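A.B. asks: For reference, the structure I am asking about is given below.
Chains as they are written, first to last, in my numbering: chain A, 1 to 328; chain B, 1001 to 1328.
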C-alpha cells in the first residue's frame, strides 16, 4: 500500500518532509498546500501540484495523511484541530505547556469526524519523551537529565534581535561537556541551570550601535540569559551569512537510577542525537509516525494520539514476522 | 490495581525480579516457584511462599503475571509455552535465531487459553531491538552499529572452562573505544569483527597446567576467539574470587544515516546502557513490560507479543493525561 502524503506549509520542515518522502518507498507526495501564491512556491518533486490552502477541501479523498508543517506559536493551534475534521493529521506541536489543551482539541475534532491524528511528533517532544518514559518506567528510583545542543535556539535568537542596535543574531545552546561526563559515569550530580548549558551568541550590530550596551542587555536578560554563562561575539554581516546559516542540533537524555536491596547498583540509560539538520531529522521522525497514522486510520482507531500510544512496529513497513526475525 | 507477580526460577534473574518488585509500588510478589527443594530456597520478601514448581497449577487464580526467570537454552523453550496455557507470562528468551519458533509456540498456547504473553524482553533482545527499529524506520538510508560491553560473556567463559588445565575463567567482551568514537562522530566506518570488540580473559589454572598451551587454545579457538584480539591473564583463585564476581554489562546501539536531496546531512542516533548489574537491570525491564502484560490481559488482547508490539504508555503506572503533562 502506498501512503499518500499532503504537506501543509512549505518552510524548512515542509521541505524536510518532501525530502523524507523520497527516502520512504512506500510513501508518495500528493500535494503541497500553501497560504502563499502557489506560483511563487517551487518544490523539488516533479509533477506534484502546489495548491492554495483554501482549496484543500477538494483533496479529502486523495490524501491518506496530512502533515502540518507550520509553527507551534500560531499555526498549529488552529490548523491541527481544523484539518483533523477533514484528514488524518500529524503535527510537531512543541509548546510543552499547551500540549494538554492542544491534545483535547485535536482529539475532539478527530473523533467527531472519524479521523486518526497525532500531535507533538519529532525529537523533543517525541523521541526524547520516549526516552524519559522508558527511563522512568524501568528505573523508578532515579534522576532525569536532559541536555540540548549544540544547536540554535530560535527563541533566544529572536530575543537578542529585539534589542536596540542589533541587526541580526544567532544563539547556540551548548551542553557542558563535564556535566555530561559526570552523568554518564553514574555520578548523579545535582546540576544548576548554569552547570548544564552555556549560551553562545553571534551578533551583527547596526551601524553606530553601542556594543557594550548590547552585550549587557543580553547577559542580564531575565529567564533567557541571566542564569547562564553567556558569551557574546560581535561579527560582521558577511561572517554571519557565511558561518551561521546551519540548522544542526542534538541533545542527550539520561536516566540514572539504582536497583538492589539497598540501591547498591547504579545504571545509566542514555539516548542522544547528533543532527546535521534539525528540520530534516524531525521530518523523518514525522514520516515514520505518519505510517502509524495511516495504519490507525485503516483500523478505525480514531482520535488523537502521541508517541506514547504507538506500538513501535507501526513505524515500520515490515511485517511483525520480518521484524522479529531481523531486528529483535 | 495491584499486579500480582509470580516468579518461576530463583537464580540471578529471579532474585532481580524480586528486588524490582520492591521498587514498583503497584506490584506485589505472590509466590516464587522452584524445581529445587523449597526448604533450601531463602527469599528476601517476608511472608511470601516458596512453592514447588509441580504445584503451580493451584496458583492460577492468584497470579496476574508469571515471570519465567529460567535460561534460554533449555528452560524457556519448554516452560513459556507450557505456562502460557495457565498464566499470563513474560520471559527473556534471548537465542536470537530461535525467536520465530519460540514466538509461534507461545502464541499458540496463549491464544488457545485466553492468556497474554510476551517473550524476549530485556535489553538485548529488548531495548536494543527497539533502538534498532526506531533507527531503521527514521533513517532508512543508514548503517547499524551495535557494541556490547564491557561485560561478561557467559558462553565465552564456558568455552574457556572446557579447555584442559583450566580451573575457572571469566571472559569480558570490551567495545573498542576508537570505533565507538568514529561511529559517534558520524564517520560511518566499515568495521571488521576485530575492530569492534576485544576479548579479555581471566583464567585460573589447575595445578601443573601448561599456561602456554591454554593461552594458545583460547586465542585460536574458532568462532569464539580467533577473529578477535584476545588478552589472557592468568590469576590466582583468590584474585578471581575477589575481583571477578561482578555482573556489570552494557552496550551501545547506533544508527548513522543521511537525509537531504543528495544525502548531504548526516545524523547519528545513539542508545547506550552502563549497568552495574545485568540481571537486576534486565529484571526492571521485564517488570515494566509485566505491567503491559497485565493490561493486555485485562483488555483481552491475547496471544504472544514482543517489545515491538507494545505502546510505551503501557509500561507506565501513570494515565495518558499524566504522561502527556509530565513527560511529553
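Glycine included, each C-beta is placed from N, C-alpha and C at the ideal position.
Quick caveat: nothing in here was measured; it's all calculated off a predicted structure.
#1: Are any of the Cβ atoms in chain B nearer than 9 Å to that of residue 118/A?
#2: Measuring only between beta-carbons, confirm whether residue 1072/B sits less than 9 Å from chain A.
#3: Using Cβ-Cβ distances below 7 Å, what residues of the segment 1019–1030 of chain B are close to chain A?
#4: Counting only Cβ-Cβ distances shorter than 8 Å, please list the residues of the segment 137–149 of chain A near chain B, keeping chain order.
#5: Report the residues of the segment 1257–1271 of chain B with a CB closer than 7 Å to any CB of chain A, ordered along the chain.
#6: Considering only their Cβ atoms, is the gap separating residue 176/A from residue 203/A smaller than 9 Å?
#7: Given that residue 316/A touches chain B, what residues does it touch there, using C-beta distances under 9 Å?
#8: Along the segment 1169–1190 of chain B, where does the CB come closer than 9 Å to a CB of chain A? Name the residues.
#9: Below 9 Å between beta carbons: does that hold for residue 315/A and residue 292/A?
#10: Taking all protein chains shown into account, do 16 or more other C-beta atoms lie within 10 angstroms of the C-beta of residue 1001/B, making it buried, or fewer, making it exposed?
#11: Would DSSP call residue 229/A helix, strand or coil?
#12: Name the chain B residues whose beta carbon is nearer than 7 Å to that of residue 276/A?
#13: Report the neighbours of residue 295/A on chain B: residues whose CB is nearer than 8 Å to its CB, in chain order.
#14: Verify the CB distance criterion: does residue 1312/B have a CB-CB separation below 9 Å to chain A?
#15: When you compare the CB positions of residue 981/B and residue 1077/B, do they come within less than 9 Å of one another, or not?
#16: Rounded to whole angstroms, what's the CA-CA distance from residue 1017/B to residue 65/A? Just pull it up for me.
#17: Assuming contact is defined by CB atoms lying nearer than 9 Å, are residue 1122/B and residue 1282/B in contact in what I supplied?
#18: Pairing CB atoms from the segment 1133–1142 of chain B with CB atoms from the segment 1017–1036 of chain B, are three or more of them under 8 Å?
#19: Where do the N-terminal and C-terminal ends of the beta strand (DSSP E) with residue 1010/B fall, by residue?
#20: Check the DSSP bridge columns for residue 256/A and list the partner residues they point to.
#21: Rounding to the nearest angstrom, what Cα-Cα distance links residue 247/A and residue 1027/B in this structure?
#22: Assign residue 1052/B to one of three DSSP states: helix, strand, or coil.
#23: Have a look at residue 167/A and residue 237/A and give me their C-alpha separation to the nearest angstrom.
#24: For residue 1223/B, which residues in the same chain have their Cβ closer than 6 Å to its Cβ, ignoring the five residues on either side in sequence?
#25: Please give me, in chain order, every unbroken run of the beta strand (DSSP E) with length at least 3 that falls completely inside the segment 31–116 of chain A.
#26: Check the Cβ-Cβ distances between residue 236/A and every residue of chain B, and say whether any is below 9 Å.
#27: Consult DSSP for residue 1183/B and reduce its assignment to one of helix, strand or coil.
#28: Please indicate yes or no: does the CB of residue 195/A lie closer than 8 Å to some heavy atom of the ligand PLP?
#29: Below 8 Å, can you find three or more Cβ-Cβ pairs linking the segment 149–169 of chain A to the segment 180–191 of chain A?
#30: Could you run through the segment 1092–1120 of chain B and flag, in chain order, every residue whose CB is less than 8 Å away from some CB of chain A?
#31: Alpha carbon to alpha carbon, how far is residue 1269/B from residue 1127/B?
#32: Let me see if you follow: with CB-CB separation under 9 Å, is residue 1320/B close to chain A or not?
#33: According to DSSP, what are the bridge partners of residue 1132/B?
#34: Specify whether the segment 265–279 of chain A and the segment 1248–1265 of chain B touch according to this definition: at least 3 beta carbon pairs, one from each stretch, less than 8 Å apart.
#35: Is there at least one Cβ from chain B nearer than 9 Å to residue 244/A's Cβ?
#36: Are the C-beta atoms of residue 302/A and some chain B residue less than 9 Å apart?
C.D. replies: In short:
#1: no
#2: no
#3: 1019, 1020, 1023 and 1024
#4: 137, 138, 139, 140 and 141
#5: 1259, 1260, 1261, 1265, 1266, 1267, 1268, 1269, 1270 and 1271
#6: no
#7: 1133, 1136, 1137 and 1308
#8: 1184, 1185 and 1186
#9: yes
#10: exposed
#11: strand
#12: 1265, 1266 and 1267
#13: Result: empty, since nearest Cβ-Cβ is about 13 Å, beyond 8 Å.
#14: yes
#15: Given that chain B is displayed from residue 1001 to residue 1328, the structure contains no residue 981/B and the question cannot be resolved.
#16: 43 Å
#17: yes
#18: no
#19: Residue 1010/B -> no beta strand (DSSP E), and no H or E assigned at all.
#20: 143/A and 268/A
#21: 46 Å
#22: strand
#23: 9 Å
#24: none
#25: 50–52, 65–68 and 89–91
#26: no
#27: helix
#28: Absent from the structure shown: the ligand PLP. Ligands present: none.
#29: no
#30: 1096, 1099, 1100, 1103 and 1120
#31: 14 Å
#32: yes
#33: Paired residues: none, contrary to the question.
#34: yes
#35: no
#36: no
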